[in-house]
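Only one structure is covered here, and it is reproduced in the block below.
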Amino acid sequence: MPARAERLIVSVSNHRVTITPNYAGEELVLFGSVERDDVAAPPSPYDLVVTVSGPPADFVTRRKEREFGIWANADSRQFLQVPSYLAIFANRPFDAITSDDQQRRLKLGLDHIVLTQRVGTDYADVVATDPFRRAFIRLRTEHGLYRQNTAAVTLLTPTLFRATIPLPAEVPTGDYDVDIKLLSRGAFVASASTTFEVVKVGFEQFVATSARQRALLYGLTIVAMALTTGWLASVVFRRD
Amino acid sequence: MQIYLPIADLPVNMFLILAMGMAVGFVSGMFGVGGGFLMTPLLIFVGISPAVAVASVSSHIAASSLTGALSYWRRRAIDPALALVLLSGGVVGTALGVTLFTLLRSLGQLDLTIAISYVALLSTVGGLMLWEGFGALLHMRRGLPPKLRRSGSHGWIHGLPLKMRFKRSKMYLSVIPVIVIGLLIGFVGAVMGIGGAFLLIPMMIYILRVPTSTTIGTAQTLTLATMTMATLMHAVTNHQVDAVLALILMIGGVTGAQFGARAGQRIRGEQLRLLLGLLILSVGIRFAVELVIQPQELFTIRETGLMP
Numbered sequence: 001m002p003a004r005a006e007r008l009i010v011s012v013s014n015h016r017v018t019i020t021p022n023y024a025g026e027e028l029v030l031f032g033s034v035e036r037d038d039v040a041a042p043p044s045p046y047d048l049v050v051t052v053s054g055p056p057a058d059f060v061t062r063r064k065e066r067e068f069g070i071w072a073n074a075d076s077r078q079f080l081q082v083p084s085y086l087a088i089f090a091n092r093p094f095d096a097i098t099s100d101d102q103q104r105r106l107k108l109g110l111d112h113i114v115l116t117q118r119v120g121t122d123y124a125d126v127v128a129t130d131p132f133r134r135a136f137i138r139l140r141t142e143h144g145l146y147r148q149n150t151a152a153v154t155l156l157t158p159t160l161f162r163a164t165i166p167l168p169a170e171v172p173t174g175d176y177d178v179d180i181k182l183l184s185r186g187a188f189v190a191s192a193s194t195t196f197e198v199v200k201v202g203f204e205q206f207v208a209t210s211a212r213q214r215a216l217l218y219g220l221t222i223v224a225m226a227l228t229t230g231w232l233a234s235v236v237f238r239r240d
Numbered sequence: 241m242q243i244y245l246p247i248a249d250l251p252v253n254m255f256l257i258l259a260m261g262m263a264v265g266f267v268s269g270m271f272g273v274g275g276g277f278l279m280t281p282l283l284i285f286v287g288i289s290p291a292v293a294v295a296s297v298s299s300h301i302a303a304s305s306l307t308g309a310l311s312y313w314r315r316r317a318i319d320p321a322l323a324l325v326l327l328s329g330g331v332v333g334t335a336l337g338v339t340l341f342t343l344l345r346s347l348g349q350l351d352l353t354i355a356i357s358y359v360a361l362l363s364t365v366g367g368l369m370l371w372e373g374f375g376a377l378l379h380m381r382r383g384l385p386p387k388l389r390r391s392g393s394h395g396w397i398h399g400l401p402l403k404m405r406f407k408r409s410k411m412y413l414s415v416i417p418v419i420v421i422g423l424l425i426g427f428v429g430a431v432m433g434i435g436g437a438f439l440l441i442p443m444m445i446y447i448l449r450v451p452t453s454t455t456i457g458t459a460q461t462l463t464l465a466t467m468t469m470a471t472l473m474h475a476v477t478n479h480q481v482d483a484v485l486a487l488i489l490m491i492g493g494v495t496g497a498q499f500g501a502r503a504g505q506r507i508r509g510e511q512l513r514l515l516l517g518l519l520i521l522s523v524g525i526r527f528a529v530e531l532v533i534q535p536q537e538l539f540t541i542r543e544t545g546l547m548p
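These protein sequence lines are chains A and B, in that order. Here the working numbering is used: the first residue of the first sequence is 1, the next is one more, and so on. Here the working numbering is used: the first residue of the second sequence is 241, the next is one more, and so on.
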């Protein structure tokens with residue numbers, strides 16, 4: 001039996017997603033093909049898992065508890081350097097693709113992705129059933145920022161595939177990594193990766209960076225804007 | 241039409257925000273208050289984070305109070321000396337308020353503090369106004385002449401030292417209670433994202449005994465100054481003022497206020513107070529309900545830092 005040699009070739013439809021005033025979400029398309037050295041051999045059944053992760057960020061998840069009859073934030077957990085956006089796609093359920101053990105090793109699916117928490121002085125990921133971890137994933141999913149779909153990778157031919165990466169309106173800006181893993185009959189075959197970036201451009205970027213880097217000037221501009229609007233209104237609507 | 245807010249980091253419907261600005265502007269013009277106590281909760285309701293809402297609304301109130309203050313200035317209905325003394329307290333109060341705001345935000349208790357403050361303040365003030373409004377209305381129904389405030393009734397407030405003459409208001413009064421009230425309004429305003437006129441006006445009338453003729457104009461001048469400062473401080477310390485959101489709110493607000501002011505002139509003072517009391521109380525109750533009933537979602541997430 002000849003040594004199997006397969007390579008993945010992938011590309012996204014747009015490497016630079018720009019946020020403009022009327023940005024309300026966008027979709028990227030990922031295309032890929034499996035290149036086999038031994039073209040004569042019949043292609044084996046391929047499985048694909050695509051993991052798109054956005055720029056890492058720190059988060060705090062808080063849980064409300066009833067205290068003195070009021071629902072207030074009580075317990076909290078810190079998530080350190082976890083993806084601010086995470087989309088995991090496959091062509092069929094993970095359990096059908098490979099074993100539990102292999103899923104864990106290859107970090108396939110939301111249950112197996114590493115979400116580092118600060119637990120006391122320790123840094124560790126916890127079990128998938130941890131309430132804070134589950135709440136974190138659920139809330140991110142509700143905003144469309146985390147998602148998992150095991151039917152989102154379409155195999156057009158046995159070696160050609162496509163996946164749509166939806167970017168919601170609230171998408172974080174920064175660099176995104178797309179990691180594609182190729183499996184066959186439960187075994188890892190090859191992987192490939194590509195990147196794209198989400199950037200604010202023009203006016204949006206100008207406002208966002210001014211607010212941070214030239215805070216005083218930004219504040220003064222807002223005040224001037226407020227006073228001008230107020231003054232203009234008193235001139236326009238003047239009745240006495 | 242969807243428009244992307246660069247600081248709040250989410251797209252909103254521009255016309256919805258404009259309509260909200262106009263509606264709140266209408267109410268504020270009608271009652272002579274800034275309307276921050278309505279605007280901030282509305283923005284939070286459409287999904288804007290409380291921090292961005294509070295910070296951006298302060299600039300919106302600055303705009304509408306300038307419009308008001310200018311028209312009172314032309315009618316010589318502002319007491320500059322009184323406004324200045326109130327402001328000296330207001331500056332300190334605002335600075336303290338913004339500091340507390342920053343601290344609470346890092347502790348994760350900002351939303352709760354804003355909610356509790358709304359409940360406590362709005363229910364009390366709304367309840368009192370409603371009570372007083374009903375009393376006055378019943379009084380009139382019975383055909384009695386409106387109650388006059390007893391002149392010359394000096395409380396302990398008027399016995400305090402450091403007295404000063406306020407010419408335009410024809411008052412001779414200690415500066416201590418004036419500064420304290422200014423401080424309180426500045427503080428509450430910065431933490432809650434409200435101008436505080438609905439608190440300041442009753443305080444000036446009932447505690448300081450400022451004549452009605454100069455009360456609203458002077459209150460608007462103070463609101464203008466504290467909200468201008470609050471905008472600046474929020475911009476510098478928290479970077480949470482959204483320019484796009486602020487501009488849409490301002491335009492809606494100042495336009496709505498003009499129509500509100502016209503509508504307000506056709507309603508009698510007692511009914512106006514009763515309506516405002518009802519409005520304030522219902523906002524307070526809405527916040528109370530939210531605190532007491534079990535929320536559907538117990539968890540919240542906040543980003544603490546994005547690594548570049």
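Note that beta-carbon positions come from the ideal geometry of N, C-alpha and C, so glycine has one too.
Quick one: does T454 (chain B) have its CB under 8 Å from some CB of chain A? Locating residue 454 (chain B) in the second sequence gives position 214, counting from the first residue. So, not an interface residue.
Taking only the alpha-carbon atoms, compute the straight-line gap between R390 (chain B) and L283 (chain B) and give it to the nearest angstrom. In the second sequence, the residue the question calls residue 390 (chain B) occupies position 150. In the second sequence, the residue the question calls residue 283 (chain B) occupies position 43. In this prediction, R390 (chain B) scores a pLDDT of 49, lower than 50, which makes its location untrustworthy; no coordinate-derived value is stated.
Taking all protein chains shown into account, decide if A355 (chain B) is buried (16 or more other Cβ within 10 angstroms of its Cβ) or exposed. Counted from its first residue, the second sequence places residue 355 (chain B) at position 115. Result: buried.
Within 8 Å, strictly: CB atoms of Q102 (chain A) and Q78 (chain A): As a first step, residue 102 (chain A) is located in the first sequence; it is residue number 102 there, counting from the start. As a first step, residue 78 (chain A) is located in the first sequence; it is residue number 78 there, counting from the start. Going by C-beta atoms, Q102 (chain A) is not nearer than 8 Å to Q78 (chain A).
Below 8 Å on the Cβ atoms is my guess for L336 (chain B) versus F427 (chain B); work out the distance and round it to an integer in Å. Translated into the one-based positions of the second sequence, residue 336 (chain B) becomes position 96. Translated into the one-based positions of the second sequence, residue 427 (chain B) becomes position 187. Right, the Cβ-Cβ distance comes to about 5 Å (below 8 Å), so this counts as a contact.
Close beta carbons around G517 (chain B), own chain, < 6 Å, minus the five adjacent residues each side: Against the second sequence, residue 517 (chain B) aligns to sequence position 277. The residues are G366, M369, L370 and G373.
What are the partner residues of Q148 (chain A), as DSSP defines its beta bridges? Taking the first residue of the first sequence as 1, we reach residue 148 (chain A) at position 148. Q148 (chain A) is bridged to A:I88.
Can a CB atom of chain B be found closer than 8 Å to the CB of T164 (chain A)? As a first step, residue 164 (chain A) must be located in the first sequence, where it is residue number 164. Interface flag for T164 (chain A) against chain B is unset, since no Cβ pair is found closer than 8 Å.
Taking the alpha carbon of V153 (chain A) as the point to measure from, which residue in A:L145, A:G144 and A:P166 has its own alpha carbon closest? Taking the first residue of the first sequence as position 1, residue 153 (chain A) is located at position 153. Measuring C-alpha to C-alpha distances from V153 (chain A) to each of A:L145, A:G144 and A:P166 identifies A:P166 as the nearest.
Near A470 (chain B), what residues of its chain come up, given a Cβ to Cβ distance below 6 Å and the 5 sequence neighbours on each side ignored? If you number the second sequence from 1, residue 470 (chain B) lands on position 230. Closer than 6 Å at Cβ, skipping near neighbours: S298, T334 and A430.
Going by the CB atoms, is the gap between P535 (chain B) and W71 (chain A) shorter than 8 Å? Your numbering for residue 71 (chain A) matches position 71 in the first sequence. Your numbering for residue 535 (chain B) matches position 295 in the second sequence. Cβ distance < 8 Å, so W71 (chain A) and P535 (chain B) count as in contact.
First through last residue of the beta strand (DSSP E) which encompasses E65 (chain A): As a first step, residue 65 (chain A) must be located in the first sequence, where it is residue number 65. P56 to E67 is the span of the beta strand (DSSP E), which, as asked, contains E65 (chain A).
Beta carbon proximity, I491 (chain B) to chain A, threshold 8 Å: Position 251 of the second sequence, counting from 1, holds the residue named residue 491 (chain B). Answer yes: the Cβ-Cβ gap between I491 (chain B) and chain A drops below 8 Å somewhere.
Of the residues B:S268, B:M490, B:A475 and B:Q460, the one placed nearest Q213 (chain A), counting alpha carbons only: Start at 1 with the first residue of the first sequence, and residue 213 (chain A) comes out as number 213. Q213 (chain A) has its Cα closest to that of B:A475, out of B:S268, B:M490, B:A475 and B:Q460.
Neighbouring residues, chain A, relative to T461 (chain B) (Cβ below 8 Å): Against the second sequence, residue 461 (chain B) aligns to sequence position 221. Neighbours of T461 (chain B) on chain A: none; closest Cβ ~12 Å, over 8 Å.
Nearest-angstrom Cα distance between I222 (chain A) and T129 (chain A)? By 1-based counting over the first sequence, the position of residue 222 (chain A) is 222. By 1-based counting over the first sequence, the position of residue 129 (chain A) is 129. About 46 Å.
Top-ranked residue by Cα proximity to F59 (chain A), from A:G32, A:S84, A:K107 and A:L216: Reading the first sequence from its first residue, position 59 is the one you call residue 59 (chain A). For the residues A:G32, A:S84, A:K107 and A:L216, the minimum Cα distance to F59 (chain A) belongs to A:S84.
Between B:A293, B:G274, B:I318 and B:V273, which lies nearest to P281 (chain B) when the distance is taken from Cα to Cα? Within the second sequence, residue 281 (chain B) is the residue found at index 41, counting from 1. Distance from the Cα of P281 (chain B) is smallest, within the candidate group B:A293, B:G274, B:I318 and B:V273, for B:A293.
What whole-angstrom Cβ distance do R89 (chain A) and V114 (chain A) have, given they're in contact under 8 Å? Residue mapping note: residue 89 (chain A) aligns to position 89 of the first sequence, counting from 1. Residue mapping note: residue 114 (chain A) aligns to position 114 of the first sequence, counting from 1. Residue identity check: residue 89 (chain A) is Phe in the sequence provided, not Arg. Not quite, the Cβ-Cβ distance comes to about 18 Å (not below 8 Å), so this is no contact.
Please identify the residue among B:A248, B:D249 and B:A303 whose C-alpha is closest to the C-alpha of S268 (chain B). What you label residue 268 (chain B) is simply residue 28 of the second sequence in a count that begins at 1. In this structure, B:A303 is the residue among B:A248, B:D249 and B:A303 with its C-alpha nearest to the C-alpha of S268 (chain B).
Expressed to the nearest angstrom, what Euclidean distance is found between the alpha-carbon atoms of T228 (chain A) and S234 (chain A)? Locating residue 228 (chain A) in the first sequence gives position 228, where the first residue counts as 1. Locating residue 234 (chain A) in the first sequence gives position 234, where the first residue counts as 1. The straight-line gap from Cα to Cα measures roughly 10 Å.
So what's E204 (chain A) in DSSP terms, helix, strand or just coil? In the first sequence, counting from the first residue as 1, residue 204 (chain A) sits at position 204. If DSSP states are grouped into helix, strand and coil, E204 (chain A) belongs with the helices.
Is the Cβ of K181 (chain A) closer than 8 Å to any Cβ of chain B? Translated into the one-based positions of the first sequence, residue 181 (chain A) becomes position 181. It does not; no Cβ of chain B falls within 8 Å.
Roughly how many angstroms lie between the CA atoms of G392 (chain B) and S414 (chain B), to the nearest whole one? As a first step, residue 392 (chain B) is located in the second sequence; it is residue number 152 there, counting from the start. As a first step, residue 414 (chain B) is located in the second sequence; it is residue number 174 there, counting from the start. Low per-residue confidence applies at G392 (chain B): pLDDT is 48, beneath 50, and the placement is therefore not dependable enough to give any value.
May I ask you to report which of helix, strand or coil DSSP gives G392 (chain B)? Looking up residue 392 (chain B) in the second sequence gives position 152. Because the pLDDT at G392 (chain B) is just 48, under 50, the model does not fix this residue reliably, and the value given afterwards should be weighed accordingly. Note: G392 (chain B) maps to coil in three-state DSSP.
With a floor of 4 residues, list each alpha helix (DSSP H) that falls wholly inside the segment 247-286 of chain B, ordered by position along the chain. Within the segment 247-286 of chain B, the complete alpha helix (DSSP H) runs of at least 4 residues are 254-271 and 276-285.
9 Å Cβ cut-off: residues of chain A touching P320 (chain B): Reading the second sequence from its first residue, position 80 is the one you call residue 320 (chain B). Here the premise fails: no neighbours, minimum Cβ distance about 18 Å.
Report yes if the CB atom of R146 (chain A) is closer than 8 Å to the CB atom of I137 (chain A), and no otherwise. Stepping through the first sequence from its first residue, residue 146 (chain A) is reached at position 146. Stepping through the first sequence from its first residue, residue 137 (chain A) is reached at position 137. It is worth fixing the name first, because residue 146 (chain A) is Tyr in this sequence and not Arg. Against a cut-off of 8 Å, the Cβ pair of I137 (chain A) and Y146 (chain A) comes out as a contact.
For a cutoff of 8 Å on Cβ pairs, would you count Q242 (chain B) as touching chain A? Taking the first residue of the second sequence as 1, we reach residue 242 (chain B) at position 2. So, interface residue.
Can you round the beta-carbon distance between L245 (chain B) and V484 (chain B) to whole angstroms, since I take them to be within the 8 Å contact cut? Counting from 1 along the second sequence, the entry for residue 245 (chain B) is found at position 5. Counting from 1 along the second sequence, the entry for residue 484 (chain B) is found at position 244. Cβ-Cβ separation between L245 (chain B) and V484 (chain B): approximately 5 Å, consistent with a contact (criterion under 8 Å).
Exposure of P290 (chain B), with buried meaning 16 or more beta-carbon neighbours within 10 Å: Here residue 290 (chain B) refers to the residue found at position 50 of the second sequence. With 16 or more other Cβ atoms within 10 Å, it is buried.
Determine the DSSP secondary structure at R381 (chain B), reduced to helix, strand or coil. For the purposes of this step, residue 381 (chain B) is taken as residue 141 along the second sequence, with counting starting at 1. Look at R381 (chain B) here: in three-state DSSP terms it is helix.
Bridge partner(s) assigned by DSSP for P242 (chain B): Taking the first residue of the second sequence as position 1, residue 242 (chain B) is located at position 2. The displayed chain sequence assigns Gln, not Pro, to residue 242 (chain B). According to DSSP, Q242 (chain B) bridges with B:N253.
According to DSSP, residues forming a beta bridge with W71 (chain A): For the purposes of this step, residue 71 (chain A) is taken as the residue at position 71 of the first sequence. According to DSSP, W71 (chain A) bridges with A:R66.
For A486 (chain B), decide whether its Cβ has a neighbour in chain A, counting only Cβ atoms nearer than 8 Å. Reading the second sequence from its first residue, position 246 is the one you call residue 486 (chain B). For A486 (chain B), at least one C-beta of chain A is nearer than 8 Å to its own C-beta.
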